[in-house]
Each structure stands twice: as structure tokens, then as C-alpha cells.
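J.: Take a look at this one; I'll ask things after.
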Amino acid sequence: MLGAFVRGRSRIVKSLCISAFLGLIGFSAQAQGTIFCPATINGITNLQLVNGLCTNGTTGAFSTAALSSQALGDIQQSVTQQTTTATLDAISARRKEEVERCPLGFERSTDGTCKRTVVAEPTPRVSSSRPAAHRQKAPAPMMPVKAQPVVVDPGWRWGAWAHGFGDYERRTESGSSSVSFQGVGSGQGITTDLTQKATTGGVIGGVDITSRGLFAGNDGLIVGILAGYSSTNISLTGTTRPTGPPLDPTLGIGSSASTIRVSGPTIGGYYTYFNGAFSNDTTVKADFLSINETFSETLAFTNSNGTQFNSGVGSTNVTNFVVASNYQYRFPISATLWIEPTVGYRYTNSSYDSGAAALGLQDGHDWRVQGGARFGIESFWNAVHVTTTITGLAYSDVSIVGGPIVGGATGASFAGGTVLPSDQGKVRGDGIFSANFDYGQGLSTFVQAEVYGGQGLFGAGGRVGARMQF
Numbered sequence: 022m023l024g025a026f027v028r029g030r031s032r033i034v035k036s037l038c039i040s041a042f043l044g045l046i047g048f049s050a051q052a053q054g055t056i057f058c059p060a061t062i063n064g065i066t067n068l069q070l071v072n073g074l075c076t077n078g079t080t081g082a083f084s085t086a087a088l089s090s091q092a093l094g095d096i097q098q099s100v101t102q103q104t105t106t107a108t109l110d111a112i113s114a115r116r117k118e119e120v121e122r123c124p125l126g127f128e129r130s131t132d133g134t135c136k137r138t139v140v141a142e143p144t145p146r147v148s149s150s151r152p153a154a155h156r157q158k159a160p161a162p163m164m165p166v167k168a169q170p171v172v173v174d175p176g177w178r179w180g181a182w183a184h185g186f187g188d189y190e191r192r193t194e195s196g197s198s199s200v201s202f203q204g205v206g207s208g209q210g211i212t213t214d215l216t217q218k219a220t221t222g223g224v225i226g227g228v229d230i231t232s233r234g235l236f237a238g239n240d241g242l243i244v245g246i247l248a249g250y251s252s253t254n255i256s257l258t259g260t261t262r263p264t265g266p267p268l269d270p271t272l273g274i275g276s277s278a279s280t281i282r283v284s285g286p287t288i289g290g291y292y293t294y295f296n297g298a299f300s301n302d303t304t305v306k307a308d309f310l311s312i313n314e315t316f317s318e319t320l321a322f323t324n325s326n327g328t329q330f331n332s333g334v335g336s337t338n339v340t341n342f343v344v345a346s347n348y349q350y351r352f353p354i355s356a357t358l359w360i361e362p363t364v365g366y367r368y369t370n371s372s373y374d375s376g377a378a379a380l381g382l383q384d385g386h387d388w389r390v391q392g393g394a395r396f397g398i399e400s401f402w403n404a405v406h407v408t409t410t411i412t413g414l415a416y417s418d419v420s421i422v423g424g425p426i427v428g429g430a431t432g433a434s435f436a437g438g439t440v441l442p443s444d445q446g447k448v449r450g451d452g453i454f455s456a457n458f459d460y461g462q463g464l465s466t467f468v469q470a471e472v473y474g475g476q477g478l479f480g481a482g483g484r485v486g487a488r489m490q491f
């Protein structure tokens, strides 16, 4: 989710060109000093960050750290996407558990059908003094019978679930642009490369209540609340370098390294409705995340000022409000095989506090759509009902608005235009393997492995969890 992974046009200018460049964008009180460009760096004074350029009007350097920081808009949304996926997986598993639950007084046998629970009746005690001909015979045990296809239980049923999840993600992006140098002409190419690595861990759980027979004899509705916590550690490295021989011989290579921690709680609610082969899973939740960044950078100044070192820290908070929904329809292939096409959407709205501008971030939102299918295999391991599921999905962020601050906005300090490509419109793939173990009496556990990616993205993760219905 690199959506808006930094929209910004690199501007690297030497001393004479800086004056012309600042004349275009307006070097005024609106240009802001930030942690990426303090007022003084090693004797170079009166510096300000203007559209990604740390400059005082006579010398300047492009800040790769400022560009990298804007990637936080996508990184923190990636954390939210992981908690959303974990929630929707839990809802789907709860629904499947309820749909396949046998009625009271029945249990699932190794052939997959619900059969009446056999209760052995005690053998009547017979006095040994009575003749054998007058002794009573013990009644034969009750034969198992097939359950009725419709599960209707009176009242409501409670359930609870908990998941633990972990994820690794690596993103690489490369972009290029060119700038014109006054007195030299156009043609100075600039290349910017960013690499992001993130590891995430978290837990999420919920409590819900189930009702059957709302609009049809075999439909059902599960409604619940959820809470969780997640934490992500991120490393960001970036370089900005001239493409080909630099028109300014003093122009060097700029580089930056950042470490970021994104963490916070999740609260929300969910429901799943099912009726025959059709089902819908929906969640509404909010993630309250804190973002803390530490960075160091080598700035490649023009006009013989060479490379200069800068470092700093920054922090902000963001609230991600999420609405996500999936729709499924299951088609049986045989008694033990099925396929379930699915489509869905996710809407994420990010609202930052006042400290976000210093990190190059602003409010924004993201629309994601996805589609694919699940292939399921039903089997038994001793008395445990095992469901093995293989899922293939394609997803895309079809609309990304906001996120990083872009040039042209009043008071914008960060790079504008496009240096690195946006994630908008890119199609990604997601493959999931899971095994669910139903022990009966409402208890089940599961394990899951996932691999996803596409252009410039690779991710892998896993989940474990348990559910109990009372």
C-alpha cells in the first residue's frame, strides 16, 4: 500500500538555479522549517524546507528523508489493512462454525453428517436368585439417526474468539525526474530509490451473539464487538543521485535512514449474515495509532558545500476509520469439496493530529476492492473435523486521496509532483492457506499462512487463533 507513496517531484538545484526555482514556488514565510531541514546545518544558515529542497536561496540539497517520511501515510495504512484482514478472517470462521454446527443432541460423525448423540442406558439390576427365563434383557443401544437439515435453536448463543498475527513486508520503489539549471539548460536527471521493511505483530479478539431463523428457516445473524492491539517496526532507506554525469560537479549523492514505530489499539464491531449458500461479512472499526520516527541523513548540497549530516526525531498520531465488507456464495463440488467465490471492498479514512505536517503527512482516504475464490476440503482426523482452505485473491487500491503533503498547497514544504509512482490502480495478488480444526462442543482452532505481493511489494504472514461458542 504505497498509495500516495510519496507524491513529490525531486528538485535538486545548484546556486544560480535555486534562485529561479524559488521564484517559481515562492520562497516566503510559507516555506516551513522542519526536522528535515533545521535553520542551520554545519555553518550553512537561514535554511528552510521548500517542496523537498533544503535551501537558503544560494545553496540547497534535496531531502531524501523528507520524501521517505511521506511514505508513512501508506505504511500506517498497511498496519490497518492487516488488522482488517485478521478481523474479516475471524468473522468468516465464526460464520462457518455456526453454519456447520449440529443441533442440540446431535454431533458430527466421521462421514460429515450430524447424528444423534448416543447415551448408554444402565442395565437393570437382576437378582441372581431369579430364574434366567424371568430376567430382563438390557435394551439395545439407540441407533444413530441423521440430523434434520435445518438448524433451529431457541434464543441466542454466545461466542468468543481470539487471534494472534505476524507479518513481514518489503517494498521497493524507484522514480526519476529532471530539473533545469539556469545558465546550463535542461537535462539534469535525478533518480530516487526507497526501500521499506516492516515487521508487524498483534492480537485481536471479539465476543458475539448469534440468532437463527430471522427471515428464513436456516438463515442466521452473528453480531459482535472486537478489540485488539498491533505494533509495527519499520526501517526506511533512501538515496537520491544524479542520473548520468552531473551538470553541477559538486552535486553528490544524498541518502537517509529512518526507523519508525507504529502502534496502537483497535476497537470496533462486526456482523455476518448467512442464508443457505450466501453470506456477507462486515466490520466497522477504528485504529488509534501513534507514529514515532527517528532519522539520519546525508544532504548533498550544491555550490561546493558538499555533503552535510542531519538527524532528528518526530511523532504524530493518526486515527484510521475502516468499513470493510465481503460477499460470498458457496458451490458444493462433492460431499467433501466446495468452492466459494468472494468479492469485497475496504474504505480507510486517515485523520492525523496537528503534528503530522512536520512529517509531511495530511488527512486522506483509500478505497480498495478485491475478488477471488476459496477452495475448501472437508476431512476428519480421528474425531476432529478438519477444513483445509486455499484462497486466491486479487486486490487493488482504486482511489487514493491525500496522505502525503504535496507541493503547490499553501505552506507546503514537501516535494510535489511525482517522483515515485503511486500504488493507485496497481493490481496485487494474495494467496492464503489455512486449516481449521473443529473439536465439537463449540470449540475450534486454526492456523494460517499468507503470501502477497506485486510490483515492488512482497509480504508474508501467519495467524493462529481459537474460537468458542457456548
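The C-terminal position of the sequence shown is numbered 491 in this note's numbering, with every residue numbered one higher than the one before it.
C-beta: ideal position from N, C-alpha, C; glycine also.
Note that the structure is a prediction, hence the values are computed from the model and not measured.
Mind reading off the beta-carbon distance from L247 to Y292? Whole number of angstroms is fine, and I expect it under 8 Å.
T.: Here residue 247 is taken as the residue at index 226 of the sequence shown, counted from 1. Here residue 292 is taken as the residue at index 271 of the sequence shown, counted from 1. Not confirmed; about 11 Å, so no contact.
J.: Could you give the first and the last residue of the continuous beta strand (DSSP E) run that contains G94?
T.: Along the sequence shown, one-based indexing puts residue 94 at 73. Segment L93 to V120 is the alpha helix (DSSP H) holding G94; no beta strand (DSSP E) there.
J.: Here's a check: name, in chain order, each residue in its chain whose Cβ is nearer than 7 Å to the Cβ of Q476, leaving out the five neighbours to either side.
T.: Counting from 1 along the sequence shown, the entry for residue 476 is found at position 455. Correct list, in chain order: K447.
J.: Classify Y416: buried if its beta carbon has 16 or more other beta carbons within 10 angstroms, exposed otherwise.
T.: In the sequence shown, residue 416 corresponds to position 395, counting from 1. Y416 is buried by the Cβ-count criterion.
J.: Can you find at least 3 beta carbon pairs, one from the region 327-347 and one from the region 307-314, that sit closer than 8 Å?
T.: Output reads yes: the region 307-314 touches the region 327-347.
J.: Tell me the start and end of each unbroken beta strand (DSSP E) in the region 312-357 that is at least 3 residues and wholly inside, in chain order.
T.: Taking only runs of at least 3 residues, the beta strand (DSSP E) segments lying wholly in the region 312-357 are 328-350.
J.: Where does the unbroken beta strand (DSSP E) through S420 begin, and where does it stop?
T.: The sequence position of residue 420 within the sequence shown is 399, counting from 1. Counting along the chain, the beta strand (DSSP E) containing S420 begins and ends at V405 to P425.
J.: Once you ignore the five residues that flank L235 on each side, which residues in its own chain have a CB closer than 6 Å to its CB?
T.: Within the sequence shown, numbered from 1, the residue matching residue 235 stands at position 214. Within the same chain, L235 has close Cβ partners L242.
J.: Give the straight-line distance between the Cα atoms of V364 and Y473, rounded to the nearest whole angstrom.
T.: To locate residue 364, count along the sequence shown from 1; it is residue 343. To locate residue 473, count along the sequence shown from 1; it is residue 452. Rounded to the nearest angstrom, the two C-alpha atoms are 17 Å apart.
J.: Closest to T412 by C-alpha separation, out of D374, F330, Q349 and G227, would be which residue?
T.: As a first step, residue 412 must be located in the sequence shown, where it is residue number 391. Measuring from the Cα of T412, the nearest candidate turns out to be Q349.
J.: Can you grab the Cα-Cα spacing for the pair G187 / A404, in whole Å?
T.: Here residue 187 refers to the residue found at position 166 when the sequence shown is read from its first residue. Here residue 404 refers to the residue found at position 383 when the sequence shown is read from its first residue. Rounded to whole angstroms, G187 to A404 spans 30 Å at the Cα level.
J.: Grouping DSSP H, G and I as helix and E and B as strand, with all else coil, what is A87?
T.: The residue you call residue 87 lines up with position 66 of the sequence shown. Note: A87 maps to helix in three-state DSSP.
J.: Where does L68 sit, in a helix, a strand or coil, going by DSSP?
T.: Looking up residue 68 in the sequence shown gives position 47. In this structure, L68 counts as coil in the three-state DSSP scheme.
J.: With three or more C-beta pairs closer than 8 Å as the rule, is the region 340-347 touching the region 376-383?
T.: At 8 Å Cβ cutoff, the stretches do not touch.
J.: Indicate whether L517 and L310 have their beta-carbon atoms separated by less than 8 Å.
T.: Since the first residue shown for the chain is 22 and the last is 491, residue 517 is missing from the structure and cannot be characterised.
J.: Looking at C-alpha atoms only, which residue of G94, R282 and G265 is the closest neighbour of I274?
T.: Taking the sequence shown and counting its residues from 1, one reaches residue 274 at position 253. Considering only alpha carbons, the answer is G265.
J.: Please work out which residues of its chain come closer than 7 Å, Cβ to Cβ, to D229, disregarding the five sequence neighbours upstream and downstream, and give them in chain order.
T.: Your numbering for residue 229 matches position 208 in the sequence shown. Excluding sequence neighbours, D229 sits near R115, G180, I243, V244 and G245.
J.: Can you tell me the Cα-Cα spacing of A86 and A456, whole angstroms?
T.: Within the sequence shown, the letter at position 65 stands for residue 86. Within the sequence shown, the letter at position 435 stands for residue 456. About 43 Å.
J.: Among L70, T108 and S84, whose alpha-carbon lies nearest the alpha-carbon of R484?
T.: Walking along the sequence shown from the start, residue 484 turns up at place 463. Checked all of L70, T108 and S84; the closest Cα to R484 is T108.
J.: Candidates F396, D308, L272 and R351: which alpha carbon is nearest I288's?
T.: For this step, residue 288 is matched to residue 267 along the sequence shown. Considering only alpha carbons, the answer is D308.
J.: Do the region 218-232 and the region 57-74 touch if we need at least three Cβ pairs shorter than 8 Å?
T.: No contact exists between the region 218-232 and the region 57-74.
J.: Do you know offhand how far N254's Cα is from Q102's?
T.: Position 233 of the sequence shown, counted from the first residue, corresponds to residue 254. Position 81 of the sequence shown, counted from the first residue, corresponds to residue 102. When rounded, the distance between both Cα atoms is 16 Å.
J.: Just tell me which of S434, S90, F454 and G450 has its CA closest to the CA of G259.
T.: For the purposes of this step, residue 259 is taken as the residue at position 238 of the sequence shown. Comparing Cα-Cα distances from G259 to each of S434, S90, F454 and G450, the minimum goes to S90.
J.: Please state whether DSSP places A298 in a helix, a strand or coil.
T.: Position 277 of the sequence shown, counted from the start, is the residue given in the question as residue 298. Coil, per DSSP.
J.: On the DSSP letters alone, give me the boundaries of the beta strand (DSSP E) that G474 sits inside.
T.: Here the question's residue 474 lines up with position 453 in the sequence shown. Per DSSP, G474 belongs to the beta strand (DSSP E) from L464 to G475.
J.: Let me know the secondary structure DSSP gives A248 once reduced to three states.
T.: Translated into the one-based positions of the sequence shown, residue 248 becomes position 227. Strand.
J.: Give every residue of the same chain whose Cβ lies closer than 7 Å to the Cβ of R351, excluding the five residues on either side of it in the sequence, and list them in chain order.
T.: Your numbering for residue 351 matches position 330 in the sequence shown. Around R351: A298, W359 and E361.
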